[in-house]
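One structure is given below, encoded as structure tokens.
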Amino acid sequence: MKIAVCIKQVVTREWQLRVDDQKTWIRDADASFELNEPDAYALEEALRLKEKHGGEVVVCCAGPARATQVIREALARGADRAIHVESDALATADAASIAAALAAAIKDEQVDLVLTGLQSDDQGFGQVGVVLAERLGMPHATIIMEVQVDSGAMRVKRELEGGWFQWVTLPLPALLTIQSGINQLRYATLKGIMAAKKKEIRKVTPAAAAAAASQQIVALYVPEKGKKTQLLGGSAADAARELVAKLRDEARVIQ
Amino acid sequence: MSVLVIAEQRDGALNRASWETIAAAQQTGEPVWIAVAGNGIDAVANDLAAAGCERVIAVDHPALGTYTADGYVLALAGLIGREQPALVFLPHTYQTRDFAPALAARLDRPLITDVTAVKKEGERTLYVRPMFQGKLSADVAASGPAPHLVTCQIGAFRADAVTRGASAAPIEKAAVDLDASKIRQKPEEPFKEAKQAVDLSQAARIVAIGRGIKGQENIKVAEQLAQALGAEVAASRPICDAGWLPMDRQIGSSGQTVAPKLYVALGISGAIQHLVGMKGSRTIVAINKDADAPIFEVADYGIVGDLFEVVPAIVAELNKT
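Chains as they are written, first to last, in the working numbering: chain V, 9 to 263; chain Z, 74 to 394.
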């Protein structure tokens, strides 16, 4: 089966975020970047499906030139080739624009399955996968914890809230957004890194008439701390007595 | 200008996130309409009609009895096209996350997700949402023709702030033109993997433990407090990764999001991944050895001390009548 995996390059979790002078994005000129962690689980699931059922894993990324870093990494982990929709504007684009760019790259590939992460660690829309499915005319299912493929159809385990799950069957081709923790990630071997250098990365320029952004960041800032904390001191017994009194009489959350 | 809320029900029960979203819609000051989808949902529609709103729309159809993304997108795209609201508000639940992006794409309208506040700036409406895993907040403006779609973060708006109507709002049945053969997802019955799994989002009180609990044998300390408070026991991610509590008791971005009346954090430092799951709680108590732990930034009451001394003292105090 032919599987497309969508990945995004994001700033590393450890990076000390600073807002830029326009206060609409971060100062990322000297940031360090990594593969969006939820996408790493999607990639891993694609590689496992290929190992089981055969086929090809094609990595798709909509992002600026620097995103080549994470594309190479995905190839080193075992993806067969890559498509890079390259544009600086995609670094900060909204979900609809990113999905449009990915849809244009994937639509002629005749894939059986598209996998994405649940959401990105930067903007965190949680939308790109589902919008992409709509644009490709594919059925979708989200927050997936297990994938079973049988000729022409697929049965997947959706995570619901509160410890509930649900199996859903859907026809191929289809799109799934993968929940983090579905599998154990592999890391690139030296052999994989060497092999990745010879793998194809096809560059695509997004269509000039790409969808205009429909949402704009007007201001980006550090969230205000909302609360004043009453610190209760003294001995453990004193603090406990004061706390219980306050929970009963002030907060009124216990009887 | 009217705000259409898409409420969420399962088996005839509305979730709290729906009421939070109604509160958010009411706070815009615009007329509120509430729609709910399902099959045989008269009772749910009656519940919703108690809220202060202009009308309740029951989107009732046999093919909507069990949730599917395709079914919801088909039915709700038709409804929104006919009714032409200025805004559509939805709760940011797993179910909404499954269908709302496709709904917005089909309508070719923007969807702003995980919104924590709505602000007016002159004529412009700004939506506040977290970015970079909650380390930053963004004010976001939507452009293009109405309606704009907005999902409300769970716990960001107060369900108890919903205003009631003087009399019940009129209930209409939407004409649902839905071809069931167009629904491509075939769902099976929802199930739980763990025995006695709880829906922590419905708990009124929660006692949560973090790394400070040190060992699985110490969890009974938290359980005694939970019993005295009538609370559920929950945990931060490291505790569940270690297998000390089942995964379905994990609070945070990779676990459940909760907003109970009372949240007691024992030995939890307060990493952002945990805070996003509980900061909407009404009253937060933090007990931690480290006075600089970020959990104190969201706590209403804090005790800097050894939880193994403080917690038994609280239990003793609660058990005095």
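Every residue, glycine too, gets a C-beta built ideally from N, C-alpha and C.
Below the 7 Å Cβ cutoff, chain V contributes 147, 178, 179 as neighbours of residue 257 of chain Z, in chain order. For residue 137 of chain V, the uninterrupted alpha helix (DSSP H) segment begins and ends at 136-144.
The shortest C-alpha to C-alpha distance from residue 224 of chain Z to any of Z:302, Z:200, Z:239 is the one to Z:200. Of the residues V:258, V:185, V:22, the one whose Cα lies closest to the Cα of residue 345 of chain Z is V:22. Here residue 221 of chain V carries a coil assignment [DSSP, helix/strand/coil]. If you draw a straight line from the Cα of residue 99 of chain Z to the Cα of residue 205 of chain Z, it is about 29 Å long. The DSSP-derived three-state label of residue 361 of chain Z is strand. Within chain Z, no C-beta atom comes nearer than 9 Å to that of residue 214 of chain V; the closest sits roughly 17 Å away. The beta-carbon distance between residue 43 of chain V and residue 78 of chain V, rounded to whole angstroms, is 4 Å. This is short enough to meet the 8 Å contact definition. Rounded to whole angstroms, the gap between the alpha carbons of residue 217 of chain Z and residue 224 of chain V is 11 Å.
Close CB contacts of residue 76 of chain Z within its chain, under the 8 Å cut and outside five residues either way in sequence, are with 98, 101, 103, 104, 105, 106, 158, 159, 160, 161, 162 (chain order).
Check the Cα spacing between residue 312 of chain Z and each of Z:298, Z:238, Z:327, Z:389: the tightest is with Z:327.
Residue environment: residue 232 of chain V is assigned as exposed (fewer than 16 neighbouring CB atoms within 10 Å of its CB, all protein chains considered). The three-state reading of DSSP puts residue 340 of chain Z in coil, since its state is none of H, G, I, E or B.
DSSP, reduced to helix, strand and coil, places residue 25 of chain V outside both helices and strands of the structure shown, so it counts as coil. A residue is called buried once 16 or more other Cβ atoms fall within 10 Å of its Cβ, and residue 85 of chain Z, having fewer, is exposed. In this structure, the straight-line span from the alpha carbon of residue 334 of chain Z to that of residue 107 of chain V is close to 39 Å. Closest in C-alpha terms to residue 116 of chain V, from the list V:179, V:68, V:138, V:161, comes V:68. When DSSP states are grouped into helix, strand and coil, residue 302 of chain Z belongs to the helix group.
If you look at residue 145 of chain Z, you'll find it in the alpha helix (DSSP H) that goes 142-156. In the three-state reduction of the DSSP assignment, residue 154 of chain V falls in the strand class. Inter-segment contact for the region 145-157 of chain V and the region 26-38 of chain V is absent: fewer than three beta-carbon pairs are separated by less than 8 Å. Among the CB atoms of chain V, none fall inside 8 Å of the CB of residue 324 of chain Z.
Taking 8 Å as the threshold, the shortest C-beta distance from residue 266 of chain Z to chain V falls below it.
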